[in-house]
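Worksheet: the structure to be examined is printed underneath.
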Amino acid sequence: MKLLLINPRFPESFWSFKWAVDNIMPKGIRTINPPLGLATLAALCPPDWEIEIVDENIESIPLNPKADLIGICGMGVQFKRQSELLKFYKSRGHYVVAGGSYASLCPEYFQDLADTVVAGEAEYIWKEFCRDFDSGAPKKLYQETGEVSLEDSPTPRFDLLKLDRYQAVSLQFSRGCPYRCEFCDIIVMFGRKPRVKSTEQVGRELDELRRLGIRNVFFVDDNLIGNKPVAKKLMAYLRDYQKEHNYNFLFGTEASLNLAQDDELLKLFTEANFGWVFIGIESPDEESLKETLKFQNTRSDILTSIRHIYSYGIEVLAGFIIGFDNDTMRTFDLQYSFIQNSGIQAAMIGLLTAVPKTPLYERLEKDGRLIKEASGTDNTKLGTNLIPKQMSYEDMVEGYRQLYYKLLDDSTIADRILNKTRYMKNPLFRSTYDIPDQLRSLKGFLFRGIFPGGPARIYHFLRTFPFTRPKMIPLVIQDWTIGISMRNYIDRHFITVREGEESLAKNHFELFERSLGKYLSKGIVEVSFDKYKNAAANLLISIKRKPDGDFFENVAPHIENVLKNTPSSITLKIEEFHDEHHSHLQGLFKRLSRYGDRIYIAVHEKLRDKVYIDSSVFNLVLES
Numbered sequence: 020m021k022l023l024l025i026n027p028r029f030p031e032s033f034w035s036f037k038w039a040v041d042n043i044m045p046k047g048i049r050t051i052n053p054p055l056g057l058a059t060l061a062a063l064c065p066p067d068w069e070i071e072i073v074d075e076n077i078e079s080i081p082l083n084p085k086a087d088l089i090g091i092c093g094m095g096v097q098f099k100r101q102s103e104l105l106k107f108y109k110s111r112g113h114y115v116v117a118g119g120s121y122a123s124l125c126p127e128y129f130q131d132l133a134d135t136v137v138a139g140e141a142e143y144i145w146k147e148f149c150r151d152f153d154s155g156a157p158k159k160l161y162q163e164t165g166e167v168s169l170e171d172s173p174t175p176r177f178d179l180l181k182l183d184r185y186q187a188v189s190l191q192f193s194r195g196c197p198y199r200c201e202f203c204d205i206i207v208m209f210g211r212k213p214r215v216k217s218t219e220q221v222g223r224e225l226d227e228l229r230r231l232g233i234r235n236v237f238f239v240d241d242n243l244i245g246n247k248p249v250a251k252k253l254m255a256y257l258r259d260y261q262k263e264h265n266y267n268f269l270f271g272t273e274a275s276l277n278l279a280q281d282d283e284l285l286k287l288f289t290e291a292n293f294g295w296v297f298i299g300i301e302s303p304d305e306e307s308l309k310e311t312l313k314f315q316n317t318r319s320d321i322l323t324s325i326r327h328i329y330s331y332g333i334e335v336l337a338g339f340i341i342g343f344d345n346d347t348m349r350t351f352d353l354q355y356s357f358i359q360n361s362g363i364q365a366a367m368i369g370l371l372t373a374v375p376k377t378p379l380y381e382r383l384e385k386d387g388r389l390i391k392e393a394s395g396t397d398n399t400k401l402g403t404n405l406i407p408k409q410m411s412y413e414d415m416v417e418g419y420r421q422l423y424y425k426l427l428d429d430s431t432i433a434d435r436i437l438n439k440t441r442y443m444k445n446p447l448f449r450s451t452y453d454i455p456d457q458l459r460s461l462k463g464f465l466f467r468g469i470f471p472g473g474p475a476r477i478y479h480f481l482r483t484f485p486f487t488r489p490k491m492i493p494l495v496i497q498d499w500t501i502g503i504s505m506r507n508y509i510d511r512h513f514i515t516v517r518e519g520e521e522s523l524a525k526n527h528f529e530l531f532e533r534s535l536g537k538y539l540s541k542g543i544v545e546v547s548f549d550k551y552k553n554a555a556a557n558l559l560i561s562i563k564r565k566p567d568g569d570f571f572e573n574v575a576p577h578i579e580n581v582l583k584n585t586p587s588s589i590t591l592k593i594e595e596f597h598d599e600h601h602s603h604l605q606g607l608f609k610r611l612s613r614y615g616d617r618i619y620i621a622v623h624e625k626l627r628d629k630v631y632i633d634s635s636v637f638n639l640v641l642e643s
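Taken in order, the sequence shown gives residues 20 to 643; the numbers are from the working numbering.
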C-alpha cells in the first residue's frame, strides 16, 4: 500500500518570517517547523505500508503521484488550500482522506471534499481506518469521541521529514489546557484536562532527534505547564537527559503567564535549556482579559511577570489580540505602550477572530455580529469575521495597520531591544548552527538587513549592540532579524491606498497595460481585471500564443510594480509556451517570488510536464 501524506501550503503571515528564511537562515532552510501530525500518522500506519510525506511549504506537490491513498491534513488557516488539493486529487481518481485540526473541529466542511474524513485525535481512529482500507471497506467518517491516552502515541516518523529544510523540529508532550479563553478552539478539541506522554516516550523521541543531529526543538503544546507538577517532572527529566547524553538541545515552547509566579519551575526551565517561551498575553487591559475569561493573566502585573522571566535568561514571544468588546481606539495606544515597555520583539498581534465552534463564535452568531463571508481562520490579515462593538470595522482595521507600522520603525525596534536587555540576565538563547552557517547568517544579516536600512538603521543597531555583554549578541541579532522580517511582511501585505491616492494606483495599472501593448495587439496575451476596487485589482494575464523571449523581461518590472504599490493579486494563465523560453520564465518567477503569496499561476494541462511551478512559493492553480 502506497500512502502519500500532504501538508498544504500556509498563506504567508508574520509567523512565516519569510525575509529571515530567504536572507538570514542557512541555505536550504525553507520554513520554521515540520508537520509533526503527519509524522505521527505515518508511525500509526501498518508496517508494510510505503509512506511519503510532502510538505508544500518546502517543496512542490506532485501532480501525478503513484499512490493508492492520499491523506491531506491542515489547520483552519490552510482550509482553502486543503480543499483545493482534496478536490484535485479526488477528481483524478485518487482515494483522498481529510484530517487535521480543522477537519477535527468542523468535519461537516469536508464531507463532500474527501472520500473519508478523520476527525479528532488520530491514535485510535487512524489505525481503525487503515484496517478498514486494507480490507476494502473504509467508512466516510471516523470520529474520536472518547479520551485518547497519549501514552498510546508512537514516536513520530521523523525519518520521513526533510529535516534539513526546517529551522526547528517539533515535539509534543501534552494536549489540553486548564483555562477557558472564550476565543480558543484548543479546549473545544482537546478538553481542559491536560493529558501527557510519559517521560520515557519523550526520551525516545529525543533519542531519534539526537541520532538525526537535531538541536533546535519546539514543544508544540498549547500550554506546556497546564499541569505544573507534571511539567516540573518533565523539566527535571530534560535537564538530566541533556547531562547524561552530553547533548545541548535548545528548547522552546508555549506556556501560560503564571510561569512567572513559580521560581522553582523557572529554574528548571533554565536547567533544561528552554531559551524561549511563547505566552498568550492578548491584552494589557484587565477588563478585556476578564471579558474573554482569561483570568489567569489578571492575577499579577503582566509587565512585572515578563521582566521576571527575562531575569532567568528566557526570551519571551507573545500573542496579542485587538477587537474585544471592551476595546476602543484607545486600545491601540495601550498595546503599543505595553509592547514597547515589555521589550517583546516577536509581538504577534491579531484582530480578534471568531473560530467556528468556540464560545466566542456562538455568542457573536447569536448576537448577529458575524461576517459570514469572511474567514474565521486567519487573524494576521487586514480583516476579520466579526463586527467590533465600540469602534467601526474600518477604524479597527486601519488602527491595526498603523499599530504595526509604528511598532516596526527602526527606532521602536531598537527601543524594545534595550527595554528587554536591561532586564535579561545571561540569555539562554544561542545559535544552533555550525560556525560556517553562523558566519554566512551574520553576513546576510548585515548586508541584507542592517546596511540597506541606511544610516538611521545602522545608528539604531549600534545603540543596541551589547559591546560590554557579548553573551547578548545572538539575542540582539535575533531581535533585529525578527523586527526586519515583520516589517518586510507588512510592507508587502499591509498595503492600503488612501483617499486621494487612487490616481497613483491607476497609473501603475496603466503603465502595466502599456507594457503589454504590442503583445495585446498581436493576441499573444489577454488581460482582464476588476477595475480599481479600493485601488486593488485581481489581474488575469492569459498567455494565449507563444511569446518571444523578451516578453517576460519586459513585463516583469511592471508586474512587480503593481504588486509593490497596490494590494492587487495577479493570476498568470499559461496556455502556450516555447521550450526555449523556460529560463526567461524562471527569471520572471525569481523576480516575483517575494510576492508569491499574491500570485496565482495556472498552467494548461498539456504544459504541466514542461513548465515547472514551485507551489511552495506561488499559488499553483489546480483546476484544468
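Using N, Cα and C, we set each Cβ at its ideal position, and we do this for glycine too.
Check, Outcome
"Spatial neighbours of V115 in its chain, beta-carbon cut-off 7 Å, leaving aside the 5 residues before and after", "I89, I91, L105, Y108, K109, A133 and D134"
"Rounded distance between the beta-carbons of M443 and G332, thought under 8 Å", "7 Å"
"Span of the beta strand (DSSP E) around T515", "It is not in any beta strand (DSSP E) - T515 carries neither H nor E in the DSSP assignment."
"DSSP bridge partner residues for P561 (one or two, in chain order)", "According to the sequence provided, residue 561 is Ser. The question's Pro does not apply to it. For S561, which the question treats as bridged, DSSP gives the partners E545 and K592."
"Check whether L379 and I341 have beta carbons under 8 Å apart", "no"
"Closest residue to F690 among H113, P126 and N83 (Cα-Cα distance)", "Residue numbering for the chain in the displayed model covers 20 to 643; residue 690 lies beyond these limits and cannot be assessed."
"Cβ neighbour criterion (16 or more within 10 Å) applied to R230", "exposed"
"Segments assigned alpha helix (DSSP H), at least 4 residues, entirely inside the segment 343-428", "349-361, 378-386 and 412-426"
"Residue interval of the beta strand (DSSP E) (run including W38)", "Here W38 belongs to no beta strand (DSSP E); instead the alpha helix (DSSP H) covers K37 to N42."
"Residue from G271, F209 and C203 with nearest C-alpha to F238", "G271"
"DSSP three-state assignment for S319, whether helix, strand or coil", "coil"
"8 Å Cβ cutoff, G245 in contact with chain D", "Among the chains of the structure shown, chain D does not appear; only one protein chain is present."
"Inter-residue spacing [alpha-carbon to alpha-carbon] between A187 and V544", "44 Å"
"Inter-residue Cα distance where the pair is T350 and Y198", "24 Å"
"Three-state secondary structure (DSSP) of N26", "strand"
"Cβ neighbour criterion (16 or more within 10 Å) applied to M348", "exposed"
"C-alpha gap between R211 and G95, whole angstroms", "21 Å"
"Where Y631 falls, given that 16 or more other Cβ within 10 Å makes a residue buried", "exposed"
"L57 versus N26: straight-line alpha-carbon distance, rounded", "8 Å"
"Per-residue burial, H264 [other beta carbons within 10 Å of its own, 16 or more giving buried]", "exposed"
"Collapsed DSSP secondary structure at E599 in the structure displayed", "helix"
"Residue(s) in a DSSP beta bridge with Y619", "T590 and N638"
"Cut-off 7 Å between Cβ atoms - residues of its own chain near G502, not counting five sequence neighbours on either side", "Q364, L427 and I432"
"Continuous beta strand (DSSP E) assignments of at least 3 residues falling wholly in the segment 90-168", "115-118, 135-138 and 160-162"
"Sequence-distant residues of the same chain with beta carbon closer than 6 Å to Q457, five excluded per side", "S450"
"Proximity of I300 and L278 at Cβ, strictly below 8 Å", "no"
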